[in-house]
Amino acid sequence: MKLSIWMLFLSGAAAIAQTTPVKTVNSECPVIGDQPAPFFRGGYCFINDRASLRVYAPNGAFAFASVPRLHGTDAVYILDAAVDPGAGFVMAVSSRTEKGLVLLDQYGMQTDFIPIREFYPAHLAVSEDHYIWVAADFGPKSQDHMLVHKYSNTGKELGSYLPFSSFPAGTIDPIMSGPGTTIVAGGGIVVVTARSGPGSNTAPLRELIRMDYSGNILTRTRLDNVHEQRMVLTADGALYRCDNVAGLPVFRFSSSGTQTWQSVAKPAKVSALFGSDQGDLVYRVSNNSEKVTLQWYPQP
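Quick note: to get the working numbering, add 128 to the position in the sequence shown (first position is 1).
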């Protein structure tokens, strides 16, 4: 009887822990209508207006703004950005004549440029071992090519994976810039969402591909007619999908058995899942302010 009561107490304590934030940060990162929406990676909040990247530190304070520099005078566009844990930041960029990866130190100073010639780096992620994973936009090309490329932070390409030929016939341009496709990495897992199948360039027909860090396919499942656009991967490899809207549900991917999505408990309806930080989930609180309030919660 005593053991049962103790187990019931522990269960109740766990439930309370999941509804009480581990940490709350009132960030200076702005949320303004008709302006680029903030996004969260590796403890940092970002605003990408395509020409410059504004970065807000884990304590919420403004850290730096970066304008990428390439050769020549052409305008440079920022396609994506990620944190290199403990080392700095990476931006995927393109101009009329160049495209590639801009490396920044921890203070936002540009330290290097990794040129890419064959494709546009539509999305990027940096795994905990400091390798850079790039989802490649080749455009509507019919010949076979690899859609995921792995780089060291010294600029060496270490591997390429996920052939275009493995997608259904009629697929056009599986990877593109913007929220319709993604790449995230963490906990030994790389997750790609890609357009897949005839008509996927105009309809929400997608595929979810999970790989290990050697590029081996772990699971490959359909993701058709799914409207949640944000994929969140924790440091232990748990995958969640959500939307940047308070009140909407959060789903966790079950990689075993039927490989399905399951709705999970989340904080109050005024919160929207914003990202992850190590093993915790980070929610953005809607508080009628033009600044972001972030709360860290254990996984449900």
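Even for Gly, the Cβ is constructed at its ideal location relative to N, Cα and C.
*In terms of alpha-carbon separation, which member of 225, 202 and 237 lies closest to residue 219?*
237
*Cα-Cα separation between residue 153 and residue 230, rounded to whole angstroms*: 29 Å
*Quick one: is residue 206 buried, meaning 16 or more other Cβ sit within 10 Å of its Cβ, or exposed?*
buried
*Which residues mark the beginning and the end of the beta strand (DSSP E) in which residue 242 is found?*
238-243
*Among 183, 198, 204 and 189, nearest to residue 233 - alpha-carbon criterion*: 183
*So what does DSSP say about residue 288, is it helix, strand or coil?*
strand
_Contact check, residue 181 vs residue 215, beta carbons under 8 Å_ = no
*Would you decide whether residue 425 is buried or exposed? Buried here means 16 or more other CB atoms lie within 10 Å of its CB.*
buried
*Are residue 264 and residue 303 close, meaning C-beta to C-beta below 8 Å?*
yes
*asked:* Only counting the same chain, and skipping five residues up and downstream in sequence, which positions put a Cβ closer than 6 Å to that of residue 244?
replied: 227 and 228
*Would you mind reading off the limits of the beta strand (DSSP E) that contains residue 154?*
151-158
*Among the residues of its own chain, which have a CB less than 7 Å from the CB of residue 149, if the five just before and after it don't count?*
423, 424 and 425
*Cβ shell of residue 291 (< 8 Å), same chain only, five flanking positions each side left out*: 272, 273, 274 and 275
*First and last residue of the beta strand (DSSP E) that includes residue 440?*
For residue 440 there is no data in the structure shown, the boundaries of the chain being 129 and 428.
*Verify whether the separation of the beta carbon atoms of residue 401 and residue 370 is less than 8 Å.*
yes
_Distance between residue 420 and residue 427 (C-alpha atoms, nearest Å)_ = 21 Å
*In angstroms with no decimal places, state the Cα-to-Cα distance between residue 415 and residue 151.*
17 Å
*Inter-residue Cα distance where the pair is residue 194 and residue 333*: 35 Å
*asked:* Considering only the alpha carbon of each residue, which of 162, 357 and 343 lies closest to residue 307?
replied: 357
*Roughly how many angstroms separate the alpha carbons of residue 408 and residue 362, rounded to a whole number?*
7 Å
*Would you identify the three-state DSSP class for residue 391, choosing helix, strand or coil?*
strand
*Would the beta-carbon of residue 368 fall within 8 Å of that of residue 255?*
no
_Between the CA atoms of residue 165 and residue 107 - distance to the nearest angstrom_ = For the chain, the structure presents residues 129 to 428; residue 107 sits outside this window and is missing.
*residue 213 and residue 170 look like a contact to me (Cβ under 8 Å); what is the Cβ gap, rounded to whole Å?*
6 Å
*Please work out which residues of its chain come closer than 7 Å, Cβ to Cβ, to residue 325, disregarding the five sequence neighbours upstream and downstream, and give them in chain order.*
296, 298, 299 and 333
*Using beta-carbon positions only, say whether residue 374 and residue 410 come within less than 8 Å of one another.*
no
*With 16 other CB atoms within 10 Å as the buried threshold, where does residue 412 fall?*
buried
*Which word fits residue 143, buried or exposed, when buried means at least 16 other C-beta atoms lie within 10 angstroms of its C-beta?*
The predicted position of residue 143 is uncertain, since its pLDDT is 40 and thus under 50; a value taken from the coordinates is nonetheless stated next. It is exposed - the Cβ of residue 143 has fewer than 16 other Cβ atoms within 10 Å.
*asked:* Between the alpha carbons of residue 406 and residue 312, how many angstroms are there, rounded?
replied: 13 Å
*asked:* At the level of alpha carbons, what is the spacing between residue 249 and residue 385?
replied: 33 Å
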